[in-house]
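Comments concern the structure below.
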Amino acid sequence: MIDLKNLTIEKAHESLVRGDFTCKELSEAYLKVISEKNKEINAYLEIYDDVISQAENAQKKFTDGTATILTGIPFAIKDNILIEGRIASAGSKILENYKASYDATVIKDLKKVGAVFLGRTNMDEFAMGSSTQTSAFGVTRNPIDTSRVPGGSSGGSAAALAGDMALAALGTETCGSVREPSAFCGLVGLKPTYGAVSREGIIAMGNSLDQVSPFGKCVRDTEIIFNLLSRYDKEDSTSVSEDLRRGYLRKNEGLSFVKNKIGVPWHLFKEGVDAEVLENFKQSLEKFKKAGYEIIDIELPHAQYSLAAYYIIMPAEVSTNLSRFDGIRYGYSEKEVQNLKEVYMKSRAKGFGREARRRILLGTYVLSHGYYDAYYNKALKVREKIREEVVDAFKNVDFILTPTVPITAFKLGEKLDDPVAMYLCDIFSAPANLAGVPSIALPSGISSIGLPFSIQFMAPHFQENTLFEVGKKFEEIR
Amino acid sequence: MDIKDVEKLAELAKIELSEDEKKGILKDMDGILEYVKVIEKVEVPDIEPEYKIKNVWREDKTETREFSKDIITEQFPDSQDGFLKVKKIL
Chain R
0 MIDLKNLTIE KAHESLVRGD FTCKELSEAY LKVISEKNKE INAYLEIYDD VISQAENAQK
60 KFTDGTATIL TGIPFAIKDN ILIEGRIASA GSKILENYKA SYDATVIKDL KKVGAVFLGR
120 TNMDEFAMGS STQTSAFGVT RNPIDTSRVP GGSSGGSAAA LAGDMALAAL GTETCGSVRE
180 PSAFCGLVGL KPTYGAVSRE GIIAMGNSLD QVSPFGKCVR DTEIIFNLLS RYDKEDSTSV
240 SEDLRRGYLR KNEGLSFVKN KIGVPWHLFK EGVDAEVLEN FKQSLEKFKK AGYEIIDIEL
300 PHAQYSLAAY YIIMPAEVST NLSRFDGIRY GYSEKEVQNL KEVYMKSRAK GFGREARRRI
360 LLGTYVLSHG YYDAYYNKAL KVREKIREEV VDAFKNVDFI LTPTVPITAF KLGEKLDDPV
420 AMYLCDIFSA PANLAGVPSI ALPSGISSIG LPFSIQFMAP HFQENTLFEV GKKFEEIR
Chain P
0 MDIKDVEKLA ELAKIELSED EKKGILKDMD GILEYVKVIE KVEVPDIEPE YKIKNVWRED
60 KTETREFSKD IITEQFPDSQ DGFLKVKKIL
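Have a look at this one:
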């Protein structure tokens with residue numbers, strides 16, 4: 000019996016090297032848990048039929064000496080990341096039968112090192128949501144308390160990892176879609192610097208915000224995955240070149256050598272944060288103080304407008320991105336129609352769920368003549384201001400710390416009828432996505448009713464290494 | 000925003016909506032716009048967002064791609080002689 004509960008990527012790798020178990024046995028152990036649990040949790044929409052042969056191929060790398068740390072590691076992959084020949088539905092009826100015709104760059108990189116893909120995981124439709132309840136294929140349940148949501152939009156990946164149905168998982172973030180489910184499921188979630196990880200082969204929601212983001216059971220696991228996936232990719236026009244990456248690193252070398260200054264923008268959470276969450280946050284701060292960190296009050300005056308700016312910029316990008324789903328080349332296409340326009344109107348009506356429609360129409364509105372300047376252009380300016388403030392803050396502190404989410408995992412069915420209440424789950428996520436800086440969510444304790452708490456750090460662009468450092472420190476002192 | 004605006008947006012976005020759906024969307028939009036309209040009052044200097052822009056176009060020459068043509072064509076909702084078939088446009 001493999002002790003899946005306490006297994007990490009490093010431990011699994013050492014065992015595979017020693018031969019305690021094989022890649023096949025490891026994958027089989029996860030498949031067994033999946034067969035027992037997935038019916039209830041609905042983390043996976045599909046388990047791939049070639050898991051065992053993938054694992055056997057990975058095993059060959061151990062035999063011929065080409066195995067690396069992710070060889071044979073079983074991954075859960077979010078349903079909006081393309082794997083050639085596999086369905087990628089993005090949780091939407093409109094792509095229910097869509098088969099990817101190529102591999103996403105992150106998939107290519109994982110295939111090269113022999114990672115094993117167990118299956119594709121449930122998500123809010125087109126990654127629009129914070130609870131995995133807007134999927135066209137049913138809700139996902141939180142393995143810690145199955146009456147509650149796992150968070151979203153990458154809730155399937157989070158539930159798979161938290162439920163020992165995978166050893167590692169990929170999600171995507173546009174605004175908190177990995178950090179928020181990490182918080183709800185007691186996991187580590189890293190949102191990389193915008194442009195660090197390739198977006199090629201990811202079904203886009205908001206191009207200026209989207210990043211593939213790893214989940215891990217510990218900080219080291221997300222670090223291992225990030226180190227493999229973070230690279231320049233010429234297939235992604237917003238991928239940051241190696242030159243620019245070096246430039247960012249040089250710029251940060253000029254900053255403090257010892258990374259021990261934590262900035263806390265208290266003014267952002269004077270209200271609206273659950274009392275227990277706030278208490279846990281204060282306790283976490285005390286632990287850092289005791290460990291020798293300096294806690295500094297900072298002001299990010301425009302950050303309070305982050306979520307409002309986000310809910311203008313993102314729908315604008317959504318309305319553009321989702322115009323490609325029109326029933327013509329692939330995906331759901333309504334047959335009972337008279338003319339071309341009806342193909343569009345009816346295919347999109349039946350293919351998109353309510354939240355997707357909301358955001359398409361909202362995006363169409365903020366981009367339309369007469370509102371473009373008041374909403375979209377203004378939001379871009381506010382975004383730029385927020386970016387400046389965040390970058391400036393890092394002249395005085397090494398990190399910015401906030402709670403990850405103002406609340407803990409809520410009950411299934413909650414917030415579905417009130418879009419703004421749902422959006423507020425990501426109020427602390429938005430600044431990092433808008434500014435493009437990396438951010439990591441870390442488990443920080445358990446509530447009185449057994450639900451995970453989480454805190455999140457932000458760091459300057461391309462300073463993921465300092466996030467891993469402070470994250471590992473927190474694992475020692477929490 | 001009123002029901003006519005929703006109809007106009009649905010027409011622009013090419014999504015057919017039933018009468019009930021229009022009402023639901025109108026209610027949702029009012030709530031969301033109420034939340035985001037704070038942005039109108041935020042005072043920011045009239046600066047253009049400064050992006051570090053650099054040309055990422057590739058040279059204009061043919062390159063092979065790894066797309067699977069078979070997977071692409073087998074997903075056409077309607078086809079004839081290997082071509083994508085669409086409804087009459089004119």
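Protein chains in written order, with numbering that gives the first Met the number 0: chain R, 0 to 477; chain P, 0 to 89.
Cβ coordinates follow ideal geometry from the N, Cα and C atoms, glycine included.
Coarse secondary structure for residue i, derived from DSSP in three states
i: D144 (chain R); result: strand
i: D63 (chain R); result: helix
i: K269 (chain R); result: coil
i: R85 (chain R); result: coil
i: S453 (chain R); result: strand
i: E333 (chain R); result: coil
i: K260 (chain R); result: strand
i: I51 (chain R); result: helix
i: I188 (chain R); result: Checking the sequence, you will find Gly at residue 188 (chain R) rather than Ile. DSSP places G188 (chain R) in strand when its eight states are reduced to three.
i: P213 (chain R); result: strand
i: T7 (chain R); result: coil
i: V196 (chain R); result: strand
i: F75 (chain P); result: coil
i: G154 (chain R); result: helix
i: T401 (chain R); result: strand
i: S181 (chain R); result: helix
i: L44 (chain R); result: strand
i: S438 (chain R); result: strand
Supposed contact pair residue j and residue i - C-beta distance, whole angstroms, cut 8 Å
i: F225 (chain R); j: V177 (chain R); result: 12 Å between Cβ atoms; not a contact.
i: A12 (chain P); j: I359 (chain R); result: 5 Å
i: G205 (chain R); j: M313 (chain R); result: 4 Å
i: L441 (chain R); j: F473 (chain R); result: 5 Å
i: D163 (chain R); j: L3 (chain R); result: 4 Å
i: I14 (chain P); j: R356 (chain R); result: 6 Å
i: L450 (chain R); j: I143 (chain R); result: 7 Å
i: F66 (chain P); j: S332 (chain R); result: Their Cβ separation, rounded to whole angstroms, is 21 Å, which puts F66 (chain P) and S332 (chain R) out of contact at 8 Å.
i: S318 (chain R); j: G362 (chain R); result: 3 Å
i: I31 (chain P); j: P418 (chain R); result: 6 Å
i: G262 (chain R); j: N464 (chain R); result: Going by Cβ atoms, the distance from G262 (chain R) to N464 (chain R) rounds to 19 Å, so no, they are not a contact pair.
i: L227 (chain R); j: L69 (chain R); result: 6 Å
i: A315 (chain R); j: L366 (chain R); result: 5 Å
Beta-carbon gap between residue i and residue j smaller than 9 Å
i: T139 (chain R); j: G154 (chain R); result: yes
i: I106 (chain R); j: I72 (chain R); result: no
i: S152 (chain R); j: A135 (chain R); result: no
i: F461 (chain R); j: V239 (chain R); result: yes
i: P191 (chain R); j: V211 (chain R); result: yes
i: R347 (chain R); j: G23 (chain P); result: no
i: D78 (chain R); j: T133 (chain R); result: no
i: Y329 (chain R); j: F75 (chain P); result: yes
i: S156 (chain R); j: A302 (chain R); result: no
i: A159 (chain R); j: A168 (chain R); result: yes
i: I426 (chain R); j: S236 (chain R); result: no
i: A308 (chain R); j: V35 (chain P); result: yes
i: N102 (chain R); j: G200 (chain R); result: It should be pointed out that residue 102 (chain R) corresponds to Asp in this sequence rather than to Asn. Cβ atoms of D102 (chain R) and G200 (chain R): closer than 9 Å.
i: C22 (chain R); j: G113 (chain R); result: yes
Buried or exposed (CB count within 10 angstroms, at least 16 for buried), residue i
i: T65 (chain R); result: exposed
i: T61 (chain P); result: exposed
i: N251 (chain R); result: buried
i: S78 (chain P); result: exposed
i: R64 (chain P); result: exposed
i: S130 (chain R); result: buried
i: D397 (chain R); result: buried
i: V16 (chain R); result: exposed
i: E83 (chain R); result: buried
i: F456 (chain R); result: buried
i: A290 (chain R); result: exposed
i: L321 (chain R); result: buried
i: K380 (chain R); result: buried
i: P487 (chain R); result: What the structure shows of chain R is the stretch from 0 to 477, and residue 487 (chain R) is not part of that stretch, so it cannot be assessed.
i: P300 (chain R); result: exposed
i: I476 (chain R); result: exposed
i: D490 (chain R); result: An answer regarding residue 490 (chain R) cannot be provided, because it is not within the stretch 0 to 477 covered by chain R.
i: M0 (chain R); result: exposed
i: V55 (chain P); result: exposed
i: H368 (chain R); result: exposed
i: Q53 (chain R); result: buried
Closer than 8 Å: residue i CB and nearest the ligand SAH heavy atom
i: P44 (chain P); result: As presented, the structure is devoid of all ligands, the ligand SAH included, so that no description of it is given.
key: In chain order, each beta strand (DSSP E) run of at least 3 residues that lies wholly inside the stretch 109 to 144 of chain R   = 115 to 120
inquiry  = At 3 residues or longer, what runs of the beta strand (DSSP E) sit wholly inside the stretch 272 to 337 of chain R?
reply    = Considered as a whole, the stretch 272 to 337 of chain R harbours 293 to 296 as its complete beta strand (DSSP E) runs of no fewer than 3 residues, in chain order.
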